[in-house]
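Trainee:
Numbering (my numbering), first residue to last: 16 to 356.
Printed below as a string of structure tokens:
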């Protein structure tokens, strides 16, 4: 018998959304990260083989193997550029606080680098990760390139695409995982501790302010301190061994407390903001807590294993080459400069 109640009410087929989607998924972000990791590792090796001046090599590597893949990823994936990269406005107050965060984080980073140095020095002498400039012009180019280029390119990847994909996990999970990704991105055991710390700090700032301009300024200021000290060392304004643990440990202890205070203040400032304040766009409603699948954890493990293997090969290989640089100078033209730091 015919029963009219069994007829389902008509429901129109949902329209297919067109135009840019809001932001990439975690799976898509994983793929981009792996691609950039491989491209950067291979590309930097190729660039080093040409014996280019260090500032030019850094600029080419950052632009070709980080910035370009990120922009292509957004274009091909049809993602919303502003939403994906946190391209929201900020204020002079927040920019000044970002600079202050960088200055306060620098002593802690140096202390973590010193601790790592103590551990890795048991393997052999540690070559400088950045070769010293050999001319006045190169020294000034160091100051510009090392300060600006990584601060822009690396932020668009790490605090842009990667962080946007992970923000559904909530604040502290996002900070934790972006800190790990930032450390893995640098492919070096020497930088593991302090890049994790810096990556977490920058992730916190962007999560709270929803503006990547703050982390770009913070990252740039942080690199600017290191680049300035490197240039001052070249011009003999400070001694080569100016870094002493006698003052570094107490300074790091004090600045770390101040750093936590400033970050807390930023958190309070953003949570108590008025709706019409310009420097924060409301956090996307889709940003809620989520869970990691077994596949994601397995992929993270694979990335970590690749990182450890590449780092160990790089560290051990550098020590082998630097033990007899003249044997390899026909393969790596600037090997003496790298080994002498």
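Even for Gly, the Cβ is constructed at its ideal location relative to N, Cα and C.
For residue 82, I'd like the list of residues in its chain whose CB is within less than 7 Å of its CB, leaving aside the five on either flank, ordered along the chain.
Mentor: Start at 1 with the first residue of the chain shown, and residue 82 comes out as number 67. Closer than 7 Å at Cβ, skipping near neighbours: 168 and 171.
Trainee: What number of angstroms, rounded off, separates the C-alpha of residue 183 from the C-alpha of residue 261?
Mentor: The count along the chain shown starts at 1 and reaches residue 183 at position 168. The count along the chain shown starts at 1 and reaches residue 261 at position 246. If I take the Cα positions, the gap works out to 43 Å.
Trainee: Which of the three DSSP states is assigned to residue 292 in this structure?
Mentor: Here residue 292 is taken as the residue at index 277 of the chain shown, counted from 1. Because the pLDDT of residue 292 is 44, which lies under 50, any placement of that residue in the model is unreliable, and the question is left without a value.
Trainee: Using 10 angstroms around the beta-carbon of residue 4, count the other beta-carbons present and answer buried if the total reaches 16, otherwise exposed.
Mentor: Nothing can be reported for residue 4: it is not among the residues displayed for the chain, which extend from 16 to 356.
Trainee: Can you give me the Cβ contacts of residue 154 inside the same chain, cut-off strictly under 6 Å, excluding the 5 residues immediately before and after it?
Mentor: As a first step, residue 154 must be located in the chain shown, where it is residue number 139. Closer than 6 Å at Cβ, skipping near neighbours: 148, 246 and 249.
Trainee: Might you give, ordered along the chain, the residues of its own chain that have their beta carbon closer than 7 Å to the beta carbon of residue 89, omitting 5 neighbours on each side?
Mentor: Locating residue 89 in the chain shown gives position 74, counting from the first residue. If we look at residue 89 and ignore the five residues flanking it on each side, its Cβ neighbours are 96 and 99.
Trainee: Thinking C-beta only, is residue 194 closer than 8 Å to residue 214?
Mentor: Working through the chain shown from its first residue, we reach residue 214 at position 199. Working through the chain shown from its first residue, we reach residue 194 at position 179. Yes, the pair counts as a contact, with Cβ atoms nearer than the cut-off.
Trainee: Can you name the start and end residues of the alpha helix (DSSP H) that residue 109 belongs to?
Mentor: The residue you call residue 109 lines up with position 94 of the chain shown. Counting along the chain, the unbroken alpha helix (DSSP H) around residue 109 starts and ends at 107 to 135.
Trainee: Apply the 10 Å Cβ neighbour rule to residue 60 and answer buried if 16 or more other Cβ atoms are within range, or exposed otherwise.
Mentor: For the purposes of this step, residue 60 is taken as residue 45 along the chain shown, with counting starting at 1. Burial call: exposed.
Trainee: Jot down the residue ranges of each uninterrupted alpha helix (DSSP H) in the stretch 155 to 182, minimum 4 residues, whole runs only, in chain order.
Mentor: 178 to 181
Trainee: Thinking C-beta only, is residue 210 closer than 8 Å to residue 197?
Mentor: One-based indexing of the chain shown puts residue 197 at position 182. One-based indexing of the chain shown puts residue 210 at position 195. Cβ distance < 8 Å, so residue 197 and residue 210 count as in contact.
Trainee: Residue 238 to residue 157, Cα distance in whole Å?
Mentor: In the chain shown, counting from the first residue as 1, residue 238 sits at position 223. In the chain shown, counting from the first residue as 1, residue 157 sits at position 142. Between residue 238 and residue 157, the C-alpha separation is close to 11 Å.
Trainee: Based on Cα-Cα distance, which residue from 50, 280 and 269 lies nearest to residue 119?
Mentor: Here residue 119 is taken as the residue at index 104 of the chain shown, counted from 1. When only C-alpha atoms are compared, the closest one is 269.
Trainee: Determine the closest residue to residue 8 out of 131, 145, 114 and 44, with distance taken between C-alpha atoms.
Mentor: This structure gives no information on residue 8, because the portion of the chain shown stretches from 16 to 356.
Trainee: Just verifying my parser: in three-state terms, what is the DSSP assignment at residue 80?
Mentor: As a working mapping, residue 80 is identified with position 65 in the chain shown. Annotated three-state conformation of residue 80 is helix, per DSSP.
Trainee: In angstroms with no decimal places, state the Cα-to-Cα distance between residue 63 and residue 283.
Mentor: Walking along the chain shown from the start, residue 63 turns up at place 48. Walking along the chain shown from the start, residue 283 turns up at place 268. Computed Cα separation, rounded: 45 Å.
Trainee: Are the Cβ atoms of residue 236 and residue 114 separated by less than 8 Å?
Mentor: Position 221 of the chain shown, counting from 1, holds the residue named residue 236. Position 99 of the chain shown, counting from 1, holds the residue named residue 114. Contact flag set, yes.
Trainee: Note down, one range per segment and in chain order, each alpha helix (DSSP H) of at least 4 residues found wholly within the stretch 181 to 221.
Mentor: As far as the stretch 181 to 221 is concerned, its whole alpha helix (DSSP H) runs of at least 4 residues are 186 to 200.
Trainee: Just mark residue 187 as buried or exposed, buried being the case when its beta carbon has 16 or more other beta carbons within 10 Å.
Mentor: Counting from one through the chain shown, the residue named residue 187 turns up at place 172. Flag for residue 187 reads exposed.
Trainee: Along the chain, where does the alpha helix (DSSP H) containing residue 53 start, and where does it finish?
Mentor: Taking the first residue of the chain shown as position 1, residue 53 is located at position 38. 41 to 64 is the span of the alpha helix (DSSP H), which, as asked, contains residue 53.
Trainee: Between residue 244 and residue 131, how many whole angstroms is the CB-CB distance? I'm expecting something under 8 Å.
Mentor: One-based indexing of the chain shown puts residue 244 at position 229. One-based indexing of the chain shown puts residue 131 at position 116. Not confirmed; about 18 Å, so no contact.
Trainee: Buried or exposed, going by whether 16 or more other CB atoms sit within 10 Å of the CB of residue 228?
Mentor: Along the chain shown, one-based indexing puts residue 228 at 213. Classification of residue 228: buried, given that the 10 Å Cβ count is 16 or more.
Trainee: Distance, Cα to Cα, residue 9 vs residue 151?
Mentor: In the structure displayed, the chain extends from 16 to 356; residue 9 sits before or after that span and is not available.
Trainee: When you compare each of 76, 107 and 92 to residue 226 by their alpha carbons, which one comes out closest?
Mentor: Residue mapping note: residue 226 aligns to position 211 of the chain shown, counting from 1. The shortest Cα separation from residue 226 among 76, 107 and 92 belongs to 107.
Trainee: Is the CB-CB distance between residue 216 and residue 70 below 8 Å?
Mentor: Position 201 of the chain shown, counted from the first residue, corresponds to residue 216. Position 55 of the chain shown, counted from the first residue, corresponds to residue 70. No, Cβ-Cβ distance for residue 216 and residue 70 is not below 8 Å.
Trainee: Can you tell me the Cα-Cα spacing of residue 175 and residue 163, whole angstroms?
Mentor: Counting from one through the chain shown, the residue named residue 175 turns up at place 160. Counting from one through the chain shown, the residue named residue 163 turns up at place 148. Near 17 Å, if we compare the C-alpha coordinates of residue 163 and residue 175.
Trainee: Indicate the three-state DSSP secondary structure (helix, strand or coil) for residue 234 in the structure shown.
Mentor: By one-based count along the chain shown, residue 234 stands at place 219. In this structure, DSSP gives residue 234 a helical state, which the three-state scheme calls helix.
Trainee: Below 8 Å on the Cβ atoms is my contact criterion, and I expect residue 277 with residue 112 to pass it. Report the Cβ-Cβ distance as a whole number of Å.
Mentor: Walking along the chain shown from the start, residue 277 turns up at place 262. Walking along the chain shown from the start, residue 112 turns up at place 97. Indeed they touch by this definition, with Cβ atoms about 6 Å apart.
Trainee: Which class does residue 74 belong to by DSSP, given the choice of helix, strand or coil?
Mentor: For the purposes of this step, residue 74 is taken as residue 59 along the chain shown, with counting starting at 1. It is helical.
Trainee: Going by DSSP in three states, residue 86 sits in which element: helix, strand or coil?
Mentor: Numbered from 1 along the chain shown, position 71 holds the residue referred to as residue 86. Looking at residue 86 - three-state DSSP - the assignment turns out to be helix.
Trainee: So, with DSSP's three-state summary, where would you put residue 102?
Mentor: Translated into positions along the chain shown, residue 102 becomes position 87. It is coil, neither helix nor strand.
Trainee: Leaving out five residues before and five after residue 11 in sequence, what residues of the same chain have Cβ atoms less than 6 Å from its Cβ?
Mentor: As displayed, the chain neither begins before 16 nor continues past 356, which places residue 11 out of reach and without an answer.
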